[in-house]
Amino acid sequence: MHSERAGMPLRLLAWGGLAFLHAPILLIVVYAFNTEDAAFSFPPRGFTLKWLGIALGRADVLEAVKLSLQVAALATLIALVLGSLASLALYRRTFFGKSAISLLLILPIALPGIVTGLALLSAFKALGIAPGLVTIVIGHATFCVVIVYNNVVGRLRRTAHSQIEASLDLGADGWQTFRYIMLPNLGSALLAGGMLAFALSFDEIIVTTFTAGHERTLPIWLLNQLSRPRDVPVTNVVALLVMLATMLPILGAWYLTRDGDSVAGSDK
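Counting with this note's numbering, you get residues 32 to 299 for the letters of the sequence shown.
Here it is, written out as structure tokens:
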């Protein structure tokens, strides 16, 4: 009789691969609270929150955090608006060029980041736009739109169109139908897409490197810290904060979309 459970060797291999991938992350967490200020002193000599206080007291760290939060919030807002409008326009309509538009929408996340960064830098130079906050937000929004679009269009495809038709038949106008029928059905998809977009924008570094100019987001600050070995404990703390800031929204998005077939707006 065929068993659906994987064999013990395969399970050990899978768990070993997961451990290998996550071991560096665990080391960063350990060294962020190590009492020694050496880069690598194993085993850790003790536990301390000193480096956390030092990191939160440094002006350069706080400025980088502030800029990253601003960029992520603005890019997420743009992505929510454009991604939702694009999904509403494309999910049921069939017209000439629809496939090309869909490809253009998902292309930024499919291309390597260095290609997207170079393309954006060339475009900004051609238009005479100086690198700064605006260019970073535009660069991040290009791939954040894809995240929101995929989440919303997936939910729309599972939404029974009869609900919309019933609303219109009962006298509701387009805005009322959107507000009372479609928006509640799309709520969790929008929230999940926004959280994923925020997480991706917050820790993006490749596109940011080409569009930031003299601005320093938190990932760029971390990259610059690689040449300062004396600041390794503080760098570990900041890296831990970045991981938490990106991991929590991703887990939240997964939690909101884990039961995609039984959420409001599905065909059930």
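C-beta: ideal position from N, C-alpha, C; glycine also.
In or out: residue i buried (at least 16 other Cβ within 10 Å) or exposed?
| i | result |
| --- | --- |
| Thr173 | buried |
| Arg123 | exposed |
| Ser153 | exposed |
| Gly148 | buried |
| Gln207 | exposed |
| Val112 | exposed |
| Thr109 | Checking the displayed sequence, the identity of residue 109 turns out to be Ile instead of Thr. Classification for Ile109: buried. |
| Phe155 | buried |
| Asp262 | buried |
| Met213 | buried |
| Pro40 | exposed |
| Trp285 | exposed |
| Leu93 | exposed |
| Trp46 | exposed |
| Leu134 | exposed |
| Ala157 | exposed |
| Glu196 | exposed |
| Tyr211 | exposed |
For a test of the three-state rule: what should DSSP assign to residue i, helix, strand or coil?
| i | result |
| --- | --- |
| Phe174 | helix |
| Phe78 | strand |
| Gly47 | helix |
| His245 | coil |
| Gly159 | coil |
| Thr190 | coil |
| Gly84 | helix |
| Asp204 | coil |
| Leu257 | helix |
| Thr125 | coil |
| Pro215 | helix |
| Asp91 | helix |
| Gly344 | Residue coverage of the chain in this structure runs from 32 to 299, which leaves residue 344 outside it and unanswerable. |
| Ile56 | helix |
| Pro143 | coil |
| Gly296 | Because Gly296 carries a pLDDT of 38, less than 50, the predicted location of this residue cannot be relied on, and the following value inherits that uncertainty. Of the three classes helix, strand and coil, the one that applies to Gly296 here is coil, per DSSP. |
| Ile236 | coil |
From the DSSP secondary-structure annotation, give me the bridge partner or partners of residue i.
| i | result |
| --- | --- |
| Asn65 | Phe78 |
Which residues in the same chain as residue i place their Cβ atom closer than 7 Å to its Cβ, once the five residues preceding and following it in sequence are excluded?
| i | result |
| --- | --- |
| Asp298 | With a pLDDT of only 42 at Asp298, under the threshold of 50, the placement of this residue in the model should not be trusted; the figure read from the coordinates follows. Same-chain partners within the cutoff: Arg189 and Ala191. |
| Ala243 | Pro162, Ile167 and Ile251 |
| Glu246 | Leu98, Gly163, Leu164 and Ile167 |
| Ile137 | Val177 |
Pull up the CB-CB distance for residue i and residue j, whole angstroms please, since I reckon it's below 8 Å.
| i | j | result |
| --- | --- | --- |
| Gly144 | Ile237 | 3 Å |
| Val183 | Ala220 | 5 Å |
| Ala141 | Ser232 | 17 Å between Cβ atoms; not a contact. |
| Leu271 | Val60 | 6 Å |
| Val265 | Ala86 | 5 Å |
| Ala103 | Phe241 | Contact doesn't hold; Cβ gap of about 18 Å is too wide. |
Does at least one heavy atom of the ligand FMN sit under 7 Å from the Cβ of residue i?
| i | result |
| --- | --- |
| Leu158 | As far as ligands go, the structure on display features none, and thus does not contain the ligand FMN. |
Within the same chain, show all residues whose beta-carbon is closer than 6 Å to that of residue i, passing over the 5 residues directly before and after it, in chain order.
| i | result |
| --- | --- |
| Tyr180 | Gly114, Ala117, Ser118 and Leu136 |
Using C-beta distances below 8 Å, list every residue in its chain close to residue i, excluding the 5 sequence neighbours before and after it, in chain order.
| i | result |
| --- | --- |
| Gly128 | none |
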